[in-house]
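So for the sequence shown, my numbering puts the first residue at 839; every next one is plus one.
Beta carbons are placed, not taken as given, at the ideal position from N, Cα and C, and that holds for glycine.
Since the model is a prediction, treat every value here as computed from it, not as a measurement.
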Amino acid sequence: MVAAAIAAPAALAEETVSATPHAAAPGSEITVTAAGFPPLTGVELGAGPPASEYTVINHGQTDLSGNARFVVRLDDEAPMEAAVVFVVATEDLAIKAASPPVEITAPKDIPIAHLKGVPGS
């Protein structure tokens, strides 16, 4: 009797979307990365509040590995202390995945050094 090895089925790819940084001020750039999508497939990038509808803001295509990357800029008028979620979906909407929320924060203060003169002049 000859025993035959049975290969375990390959794990199904799970689509993921990430956004970095996880918190940003209005006007900041956010990098959105999608992974696990079908290769060479048209995708759309959407943005919106968590647990809400999203607005399509860009289109792209996955690479041979099923990955896509977008760089987006938060609106200068984005409400602070809110959050935005990025959604990547295939063009036929058969596959969708969303990022964790990105917190919209207040801009950081920029220290100003006085090089000449009296402070406050």
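| Query | Result |
| --- | --- |
| Count the other C-beta atoms from every protein chain shown that fall within 10 angstroms of the C-beta of A927, then say buried if there are 16 or more, exposed otherwise. | buried |
| Verify the contact flag: E882, CB atom, against every heavy atom of the ligand NAD, threshold strictly below 6 Å. | Among the components modelled here there is no ligand, and therefore nothing to report on the ligand NAD. |
| What is the rounded straight-line gap between the Cα of G886 and the Cα of V923? | 6 Å |
| With DSSP as the reference, label I868 as helix, strand or coil. | strand |
| Do you know whose CA, among E867, M918, K934, lies nearest E941's CA? | M918 |
| Give me the Cα-Cα distance between A862 and G874, rounded to the nearest whole angstrom. | 26 Å |
| Using a Cβ-Cβ cutoff of less than 8 Å, which residues in the same chain neighbour D914 once the five nearest sequence positions on both sides are dropped? | P864, G865 |
| Return the chain-ordered list of same chain residues with a C-beta closer than 8 Å to the C-beta of V870, the five sequence neighbours on each side being excluded. | V855, S856, A857, L883, R907, F908, V909, V910, F924, V926, S937 |
| Please say whether P888 and P939 have beta carbons closer to each other than 7 Å? | yes |
| So who's on the other strand from I942, going by DSSP bridges? | A862 |
| State the start and end residues of the unbroken beta strand (DSSP E) segment that holds A885. | 880 to 886 |
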